[in-house]
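Below is one structure; the comments refer to it alone.
There are 2 protein chains.
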Amino acid sequence: MPSSDLAAIYRRYIDCLNRQDWDELHRYVADDVRHNGRPLGLSGYRQMLVEDFRAIPDLAFRIEHLVCDPPMVASRLWFDCTPVGMLFGLAVNGRRVQFAENVFYEFNDAGRIRNVWSVIDTAAVAAQIADAGLN
Amino acid sequence: MPSSDLAAIYRRYIDCLNRQDWDELHRYVADDVRHNGRPLGLSGYRQMLVEDFRAIPDLAFRIEHLVCDPPMVASRLWFDCTPVGMLFGLAVNGRRVQFAENVFYEFNDAGRIRNVWSVIDTAAVAAQIADAGLN
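See the structure below:
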């Protein structure tokens, strides 16, 4: 698959997340998807995303950098949001926070994500909460 | 620059770090390099690396995933090491810890790194220290 095709698929995946269009998630995520080594499967992956939007009602995925080299995609995502309660074990409680996620994806031959290796900058969130004097 | 050339340059950069060959660092890192938005410059970047090896004498950079799409490189690095004292604000104190860094690089036209956007999985280190009953 050409790199440009994989980039287009990835951007449609991100659009799908931002629409919370969970019935379309199977177009982008494999049945046997693993996330940071955990065999979540499509249903577990969907549940993880549903819970993310419950914790962060104004959650939006914004691509800051996209690096494609099939079958791999690397994306730096940027979040600017107001989690309602706890996030990453931190009492955010409706404060606005900004943070990055640097994430690698491996796609299968059908163009679906089968492996995700994600690191979220939780330290940045902790620093913002500390600055706000909430902790 | 072809993707394969940039991948080769990046692998030589990682070899340079693992040799702690700081006099060669300028071959891979631009004078005006920025790290997570901070204008470190080559000397500040070198100092950061020297301090990393002081904190972690057995530090070794191992590439787990490499995604090249010039002028960008994304790399998932894996660390298995024994920091002597504090690391990321955590009292590691000689325990063995394992963690990932997901990092994006932008190269300039001369094939040198001019921007780095890094996220380190500090939460994984915190969890390993907590499991060890040291905190």
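Going down the list, the protein sequences come from chains H and C.
For the first sequence, the residue numbers in the working numbering are 18 to 152.
For the second sequence, the residue numbers in the working numbering are 18 to 152.
By construction, the Cβ of each residue, glycine as well, lies at the ideal position given by its N, Cα and C atoms.
- In the DSSP secondary-structure assignment, H/Asn132 is bridged to H/Arg51, H/Glu123.
- For C/Met89, the residues of chain H that pass the 9 Å Cβ criterion are His82, Leu83, Val84, Ala91, in the order they occur in the chain.
- By the Cβ-count criterion, H/His43 is exposed, with fewer than 16 other Cβ atoms from all chains shown falling within 10 Å of its own Cβ.
- In terms of beta-carbon proximity, C/Asn110 stays away from the interface with chain H, with every pair separated by 8 Å or more.
- Listed by position along chain H, the residues whose Cβ is nearer than 8 Å to that of C/Ser20 are Asp86.
- At a cut-off of 8 Å between beta-carbon atoms, H/Val120 makes contact with chain C.
- Flagged as an interface residue toward chain H: C/Val136, by a C-beta distance shorter than 8 Å.
- About 17 Å separates the beta carbons of C/Gly58 and C/Asp69, which is beyond the 8 Å limit, so they are not a contact pair.
- Contact note: C/Ala149 does not reach chain H at a C-beta cutoff of 9 Å; the least C-beta distance is about 18 Å.
- H/Ala140 reaches chain C at Phe105, Gly106, Val136, Ile137, Thr139, Ala140, counting residues in chain order whose Cβ is nearer than 9 Å.
- Secondary structure at H/Ala149: coil, using DSSP grouped into helix, strand and coil.
- Here DSSP, grouped into helix, strand and coil, assigns C/Gln115 to strand.
- A direct Cα-to-Cα measurement between C/Ala141 and C/Phe121 gives close to 20 Å.
- DSSP places H/Val109 outside any alpha helix (DSSP H), giving it a letter other than H or E.
- For the options H/Val133, H/Gln115, H/Ala127, H/Asp32, the alpha carbon positioned closest to that of H/Asp148 is the one of H/Gln115.
- Non-local beta-carbon contacts of H/Asn53 in its own chain, meaning distances under 8 Å to residues more than five positions away in sequence, involve Val133, Trp134, Ser135 in chain order.
- Closest option to C/Arg36, judged by alpha-carbon separation, among C/Gly128, C/Leu76, C/Val50, C/Gln64: C/Leu76.
- By DSSP's assignment, H/Cys85 forms a beta bridge with H/Val90.
- If the five residues before and after H/Val46 are omitted, its C-beta is found closer than 7 Å to the C-beta atoms of Leu59, Tyr62, Arg129, Ile130, all from its own chain and listed in chain order.
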